[in-house]
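Asks: The sequence shown begins at 1 in full-length UniProt numbering and counts up one residue at a time.
Note that the Cβ used here is the ideal one computed from N, Cα and C, for glycine as well.
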Amino acid sequence: MIPYIKFINYPEDYKWFRELIKPKPSPFVETINEDIYKTWNGEALINFKWNTYGKYYYAVIWILFMALLGCFTVAATVPQQYIGINIQNQLFIASIILGFIHLSFEIRQFIYSPERWIREFWNIFDIIAYLLPIITSIKWLQTNDLNDHIIQLFSFSCLFLDIKFLLFFRAFESFGIYFEIIIRCKTDHLFFSSLIYYYNKFCTCVLYFIITKIRLFI
Numbered sequence: 001m002i003p004y005i006k007f008i009n010y011p012e013d014y015k016w017f018r019e020l021i022k023p024k025p026s027p028f029v030e031t032i033n034e035d036i037y038k039t040w041n042g043e044a045l046i047n048f049k050w051n052t053y054g055k056y057y058y059a060v061i062w063i064l065f066m067a068l069l070g071c072f073t074v075a076a077t078v079p080q081q082y083i084g085i086n087i088q089n090q091l092f093i094a095s096i097i098l099g100f101i102h103l104s105f106e107i108r109q110f111i112y113s114p115e116r117w118i119r120e121f122w123n124i125f126d127i128i129a130y131l132l133p134i135i136t137s138i139k140w141l142q143t144n145d146l147n148d149h150i151i152q153l154f155s156f157s158c159l160f161l162d163i164k165f166l167l168f169f170r171a172f173e174s175f176g177i178y179f180e181i182i183i184r185c186k187t188d189h190l191f192f193s194s195l196i197y198y199y200n201k202f203c204t205c206v207l208y209f210i211i212t213k214i215r216l217f218i
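Listed below in structure tokens is the structure:
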């Protein structure tokens, strides 16, 4: 028996369409005292929420993201002689649709708590990871011109999508522990941000080189 009365309940006047626009949290979400989650009761509560429906929501979001990652990566890196321009365009269209679906998740979080959302660095990262493939796909469908600018957009988009894919493993304890250590050990936010920036730039240059070489065979 968990001694938290109505801690996992939602309002009786629950409306799913209102939930889509502006979600109403339960006391579980509104609790700001982290000490609750350091107790056995808090751990049991978290495990209950996760095993009841949390892991299923997470799996659906992850599968949708893998679809976005797969569609965009194939469309951006595989030469047209292997997949054809029609299939390539369809993959870019699918990337746009999937990208907007993931953007809707971020918008709901922003509506729920704009101030908290802005303060979280990884929310900004997620927005970039979703917007880049959308913008790149639209630009390609409009111009169908493989110039240096498009190749750079392909490189950045693939890089951010790959990093975002790795971040999904935070839900697993074996990976999440090391990720938390890295985040908590950063002593200077500016230094950490600079490190991420230059790491992204290096990886983007590598991806740019690879994509350029692949496109030479088209």
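At the level of alpha carbons, what is the spacing between Asn-147 and Phe-156?
Replies: Going from the Cα of Asn-147 to the Cα of Phe-156 covers about 15 Å.
Asks: Compute the Euclidean distance between the alpha carbons of Ala-129 and Trp-140, then round it to the nearest angstrom.
Replies: Their backbone Cα atoms lie some 17 Å apart in a straight line.
Asks: Any idea what DSSP makes of Pro-114, helix, strand or coil?
Replies: Helix, per DSSP.
Asks: Find out if the Cβ-Cβ distance for the pair Glu-106, Ile-135 is shorter than 7 Å.
Replies: In this structure, Ile-135 does not lie closer than 7 Å to Glu-106 by Cβ.
Asks: Within 10 angstroms of the Cβ of Lys-55, are there 16 or more other Cβ atoms? Answer buried if so, exposed if not.
Replies: Flag for Lys-55 reads exposed.
Asks: Straight-line CA distance for Ile-96 to Ile-138?
Replies: Going by the C-alpha atoms only, they are around 7 Å apart.
Asks: Apply the 10 Å Cβ neighbour rule to Gln-81 and answer buried if 16 or more other Cβ atoms are within range, or exposed otherwise.
Replies: Exposed.
Asks: What's the C-alpha gap between Trp-117 and Gln-109?
Replies: Approximately 7 Å between the Cα atoms of the pair.
Asks: Hey, how far is the Cα of His-102 from the Cα of Thr-39?
Replies: Roughly 34 Å separates the two Cα atoms.
Asks: Measuring alpha carbon to alpha carbon, tell me which of Leu-159, Arg-119, Ile-124 and Ser-113 ends up nearest Ala-76.
Replies: Closest by alpha carbon: Leu-159.
Asks: Might you give, ordered along the chain, the residues of its own chain that have their beta carbon closer than 6 Å to the beta carbon of Trp-62, omitting 5 neighbours on each side?
Replies: Hits under 6 Å: Phe-168.
Asks: So Pro-133 and Leu-166 are supposed to be a Cβ contact under 8 Å. How far apart are they, rounded?
Replies: Pro-133 to Leu-166, Cβ: 16 Å. No contact.
Asks: If you count every other CB in all the chains shown that lies within 10 Å of the CB of Gly-99, and 16 or more means buried, which is it?
Replies: The residue is buried, with at least 16 neighbouring Cβ atoms inside 10 Å.
Asks: Count the other CB atoms within 10 Å of the CB of Phe-72; is the residue buried (16 or more) or exposed (fewer)?
Replies: It is buried - the Cβ of Phe-72 has at least 16 other Cβ atoms within 10 Å.
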